[in-house]
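Here is the structure we will look at.
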Amino acid sequence: MLSHLALTCVSLLVTFAAVRWFIRDSYKLDGFSQKHVFITGCDSGFGNLLAKQLDRKGFKVIAACLSEKGAADLAAAASPRLKTLLLNVTDSAGIRSAVDFVSREVGERGLWGLVNNAGRGTPIGPTEWMQLEDFMTVLDVNLLGLIDVTLQFLPLLKKARGRVVNVASIAGRAAMAGGGYCLSKYGVEAFSDSLRLNMLPFGIKVSIIEPGYFKTNILYNDLIEANLKKLWAPLPQDVKDAYGATYIEDFLRMFDNSLGKLCSPDIAKVTRCMEHALTARHPRTRYGVGWDAKLFWIPLSYLPSFMTDFIFNSFTPLPKAGRKP
Ligand SMILES: NC(=O)c1ccc[n+]([C@@H]2O[C@H](COP(=O)([O-])OP(=O)(O)OC[C@H]3O[C@@H](n4cnc5c(N)ncnc54)[C@H](OP(=O)(O)O)[C@@H]3O)[C@@H](O)[C@H]2O)c1
Ligand SMILES: *[C@@H]1O[C@H](CO)[C@@H](O)[C@H](O)[C@H]1NC(C)=O
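Residue numbers (mature numbering (1 follows the signal peptide of the UniProt record, and there is no 0)): -17 to -1, 1 to 308.
Here it is as structure tokens:
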């Protein structure tokens, strides 16, 4: 009787808390037509879709692209409200020019949203195949570029008591591959956590997007293959022998078979979370996006290491020398 009562109370409390959370989560701000958002890496993928989506909502979007073609194509697909500029996030002076441009656009209102989306995936592969520069090429863009952009835009963001949206990844929760990518995304998680704490007194809110696998250029198999071949070519013969001539094939098959199957083509799931972070009264701190992130990668990241090692090893190809006969 008593336990029945306790159980009812607990389930009522849980239901109440869940309903309250959903209502709080759904409160929206307004006045988007007066708000500016700056997004990096808008040539393709999430950034490109987000720029168009926010443009349709009435936001004043300033979209940074890496290539002239990317910028021209995006401008042609959006309203005249949307402005594009060219930015390579590893170029500090380029970021300074972007700040000048945005500063003229936003005037006294300041910048409402900064979306740090630009990123690269390769080189990715066995750690033993890498040189220090291979780590640096990824860290320079995904982590140091993101930090540089954020630091330089902070004064404009403070003016608007705005929002920072940083694109990390489930690779910032569990390191499943060698190379700079997972390192860079762990770094984005840590940088965003400290930024959130430090900027709270100034009214700036920081959200982290953690997508699972989505079909974009970054996971383009040919790109990964070309990169693996470039890493392979200069390896000493004994290392090549230890991995075996079919290792690259096996590695790519793993991408196709396990990760390819997890890959969602619906990248709007990611941009909806970015939009929530920019438009909700109470943006979330972390957005795990995609069922693979929510049900597999993020829960997995809480398991003890011996279990995650076992799971990753079961779908990563083994070097020839490490295979059981
Ligand atoms: N797709 C996924 O499964 C997934 C999962 C988790 C996280 N993410 C993250 O999501 C973000 C967007 O990636 P995406 O999947 O949309 O792939 P994407 O289509 O390749 O988009 C990445 C964008 O960043 C640009 N970029 C690359 N290097 C740059 C640099 N040095 N300066 C400025 N821009 C640069 C790319 O330009 P180019 O096209 O000209 O190279 C491209 O526009 C990345 O941070 C990525 O790590 C993706
Ligand atoms: C971005 O800049 C770095 C050096 O600042 C350069 O090595 C790289 O090639 C540039 N990327 C593109 C795509 O222009």
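Beta carbons: idealized from backbone N, C-alpha and C, even for Gly.
Annotated three-state conformation of P138 is helix, per DSSP.
In this structure, the straight-line span from the alpha carbon of D56 to that of T23 is close to 15 angstroms. The beta carbon of D233 lies closer than 7 angstroms to those of P300 in the same chain, with the five residues before and after it left out.
DSSP, reduced to helix, strand and coil, places T67 within a strand of the structure shown.
Excluding its 5 nearest sequence neighbours in each direction, G186 has C-beta neighbours in its own chain below 6 angstroms: R144, listed in chain order. For L(-5), the enclosing alpha helix (DSSP H) stretches over residues L(-16) to S9.
Taking the C-beta atoms as reference points, I281 is found nearer than 7 angstroms to G271.
Every unbroken stretch of the beta strand (DSSP E) spanning 3 or more residues and falling wholly within the stretch 78 to 129 is given here in chain order: 96 to 99. Only residues of its own chain outside the window of five on either side were considered, and among them E111 and W112 have a CB closer than 8 angstroms to the CB of V222, listed in chain order.
Proximity to D176 across T(-3), Y285, A158 and V150 peaks at V150, based on C-alpha coordinates.
Look at the beta carbons and you see the stretch 250 to 260 touching the stretch 17 to 35: at least three pairs across the two are nearer than 8 angstroms. In the structure shown, the three-state DSSP call for F21 is strand.
For M182, the closest alpha carbon among the candidates K142, L37, G161 and L70 is that of K142. Here the stretch 89 to 99 makes contact with the stretch 11 to 26; the two share three or more CB pairs at distances below 8 angstroms. Counting other Cβ atoms within 10 Å of its Cβ, K43 reaches 16 or more and is therefore classed as buried. Burial check for P287: the Cβ neighbour count within 10 Å stays below 16, so the residue is exposed. When the beta-carbon positions are compared, P63 and L214 stay at least 7 angstroms from each other.
Nearest neighbour of K303 by Cα position, chosen from T(-10), S241, Y230 and R87, turns out to be Y230. Using a Cβ distance threshold of 7 angstroms, V132 and S190 do not count as a contacting pair. Contact between P138 and K188 is absent: CB atoms are separated by about 17 angstroms, not below the 8 angstroms threshold. Judged by DSSP in its simplified three-state form, P194 adopts strand. Judged by the Cβ position, T105 fails to qualify as a neighbour of ligand 1 at the 6 angstroms threshold, every heavy atom of the ligand being at least this far.
The shortest CA-to-CA distance from L245 to any of D83, P194 and L115 is the one to P194.
Excluding five sequence positions before and after K11, the CB atoms of its chain that fall closer than 7 angstroms to its own CB belong to T262, A263 and R264, given in chain order.
For L283, the CB contacts under 7 angstroms within the same chain, skipping 5 residues up- and downstream, are A157, T291 and I294 in chain order. Of the other Cβ atoms in all chains shown, fewer than 16 fall within 10 Å of the Cβ of Y285; this residue is therefore exposed.
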